[in-house]
Amino acid sequence: MKAALLHTLPLDGELATVAARRFAREFGEALGFAMQDRTRIATSVLEVARTVLAATRAGRVEFRFDETAEPQALQIVVIAPATPLARLTATPVATPDAPAPVALGLLAAQRLMDACRFDEADGDALLTLTMQLPEQAPRVSAAALSKVLNAPAAKVPLGAEVSVEEVQRQNRELAAALADLHERNDELMRLTRELEDTNRGVVALYAELDERALHLRRADEAKSRFLSNTSHEFRSPLYSIRALSKLLLDRVDGELTDEQAKQVRFIRKAAEELSETVDDLLDIAKIEAGKIELKPVEFEVAKLFSALRGMMRPLLPASDVELLFEPCDDLPVICTDEGKVAQILRNFISNALKFTEHGEVRVRATYDDAAQRMIFAVSDTGIGIAPEHQQSVFEEFEQVENHLQNQVKGTGLGLPLCDKLCRLLGGAVGLTSELGRGSTFTATLPIRLPHNAGGASRAAAPPGMTGTPGESVTGTSGGQS
2 MKAALLHTLP LDGELATVAA RRFAREFGEA LGFAMQDRTR IATSVLEVAR
52 TVLAATRAGR VEFRFDETAE PQALQIVVIA PATPLARLTA TPVATPDAPA
102 PVALGLLAAQ RLMDACRFDE ADGDALLTLT MQLPEQAPRV SAAALSKVLN
152 APAAKVPLGA EVSVEEVQRQ NRELAAALAD LHERNDELMR LTRELEDTNR
202 GVVALYAELD ERALHLRRAD EAKSRFLSNT SHEFRSPLYS IRALSKLLLD
252 RVDGELTDEQ AKQVRFIRKA AEELSETVDD LLDIAKIEAG KIELKPVEFE
302 VAKLFSALRG MMRPLLPASD VELLFEPCDD LPVICTDEGK VAQILRNFIS
352 NALKFTEHGE VRVRATYDDA AQRMIFAVSD TGIGIAPEHQ QSVFEEFEQV
402 ENHLQNQVKG TGLGLPLCDK LCRLLGGAVG LTSELGRGST FTATLPIRLP
452 HNAGGASRAA APPGMTGTPG ESVTGTSGGQ S
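If you read the sequence shown in my numbering, its first letter stands for residue 2, the second for the next number, and so on.
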């Protein structure tokens, strides 16, 4: 549907261009445009009208309103009769918005209006300027449009007096624009000062963070040295306690009463538990210090499971808990640090046995051919872990409160050590658990130890080993029993 014609104004002199500006502003006001938009419309019409008048000494301006557009729009068509478009666009000013050079007045209109279109029809040059109503503005109805048709014509006087009045209005608009520009400049300066203050604060904060990070690194290094030194210092007396208790239990120096034997067994058990804690602390300290040595060897998962089965069966509680190892003879050979893998699985199994009162603890391994990774999983039918605690169990010295704590002693180091060892081997641990139903701990490891694994020296790899750098993937395999 063609836009409704609001008014036609002939361009027959300089006063007509001023009148065109006045009409544009009044139509803009009647249609509800903001003052800034009205000024843009009026200025654009004046510049284009002057361009046409300078080139042709004749022409006309048509004011139209497209009420069907989305959003509705005011269109001003400036027509230069019997004039090639190239004559109006002869000034060589290149712009990103126009493929061809345009005159300065047309360039100003392009910058101020929402859209500018330059066409030719029947030998006439048509320059169409479009300004859209704001999307939030109410739609202009047919009744309101009829009022718009008459309002500007009554306000715009004809004759020389229009030029003086329009110049005065332009001066007022210019003064208002300058005041607005000054206000915006003041606001910009204020924001600049705030930004400078913020930048100084950010720089100071970064400096403080760097200083604190340095203190934390030093504290962490001191902690690692302390753990390493104290662990070594504890080992000798603990070894002596275990050796002496064994001599007593072997009756080397004579018989013991039943009560004495019971107390010595308590001493030996406490020394063994403390030795395990010391070993875990020492391993963690070595990993954090980057001094642990990896010894990759090729081994079969089935043989590893066989060794673990014999090692862990004595730890089975007297209650109704069964330790099951699923068959894994068809799995490929894996080349990594067998001792570290066994240590991870021992911790998983020991943890599962501690917190399973009845049912089973099941150990299995599966191979992900696409990712070239082996997934070891230890599932239990124990007490399970609530979702909000599943992340914290991998933090050092963290223990989840439960009704078995009085019966089962622990330090909260086993699972964090598993996490660190898995990362050291180029893999990751995972956990799925349901409170009251059981848990599944997984260790996802590359079948060949990556060359960049570990933080310290590595023993020589066996002949034929071709490890590839692995990525850390958190795997969760299997469900709840």
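Quick reminder that beta carbons are idealized off the backbone N, C-alpha and C, glycines included. Quick caveat: nothing in here was measured; it's all calculated off a predicted structure.
*Measure from the alpha carbon of Ser380 to the alpha carbon of each residue in Arg218, Asp67 and Arg363, then state which is nearest.*
Arg363
*Less than 8 Å between the CB atoms is what I'm expecting for Glu30 and Arg22, so what's the real figure, rounded?*
No, Glu30 and Arg22 are not in contact; Cβ-Cβ is about 13 Å, not under 8 Å.
*Determine, using beta-carbon pairs with one atom in the segment 335 to 348 and one in the segment 264 to 277, whether at least three such pairs fall under 8 Å.*
no
*Does DSSP classify Ala21 as helix, strand or coil?*
helix
*Quick one, which of Ala74, Val78, Thr69 and Leu54 has its alpha-carbon nearest Glu63's?*
Val78
*asked:* Between the alpha carbons of Leu422 and Asp281, how many angstroms are there, rounded?
replied: 11 Å
_With distance defined between alpha-carbon atoms, name the residue in Leu414, Phe349, Thr193 and Lys263 nearest to Glu1._
This structure leaves residue 1 out entirely; the chain is present only between 2 and 482.
*Mind the definition here: the segment 289 to 303 touches the segment 348 to 358 only if three or more C-beta pairs lie below 8 Å; say whether that holds.*
no
*Starting from the C-beta of Ala43, find all residues in its chain whose C-beta is less than 6 Å away, skip the five residues before and the five after it, and write them out in chain order.*
Arg22, Ala25 and Arg26
_Inter-residue Cα distance where the pair is Glu435 and Ser246_ = 42 Å
*Look at the Cβ atom of Ala303, then the Cβ atom of Cys329, and state whether they are nearer than 8 Å.*
yes
_Selection from Ala81, Leu418 and Leu10 that minimises the alpha carbon distance to Arg65_ = Leu10
*Please look up how many angstroms separate the CB atoms of Val334 and Phe300, rounded, as I've assumed it's under 8 Å.*
7 Å
*Per DSSP, Phe326 forms a beta bridge with which residues?*
Val364
*asked:* Please state whether the Cβ-Cβ distance between Cys117 and Leu127 is less than 8 Å.
replied: no
*Which residues bound the alpha helix (DSSP H) around Ile293?*
Looking at the DSSP string, Ile293 is not in any alpha helix (DSSP H), and its letter there is neither H nor E.
_Closer than 7 Å to a non-hydrogen atom of the ligand NAD - does that hold for the CB of Ser246?_
In the structure on display, the ligand NAD does not appear, and there are no ligands present to speak of.
*Ile386 to Val430 span [Cα, whole Å]*: 16 Å
*Quick one: which unbroken alpha helix (DSSP H) runs of 4-plus residues sit fully inside the segment 36 to 91? Chain order, please.*
36 to 57 and 86 to 89
*Among the residues of its own chain, which have a CB less than 6 Å from the CB of Phe395, if the five just before and after it don't count?*
Leu416, Pro417 and Asp420
_What does the Cβ neighbour count give for Gly427, buried or exposed, with the cut at 16 atoms within 10 Å?_
buried
*Ser440 versus Leu450, His452 and His390, residue with shortest Cα-Cα distance*: His390
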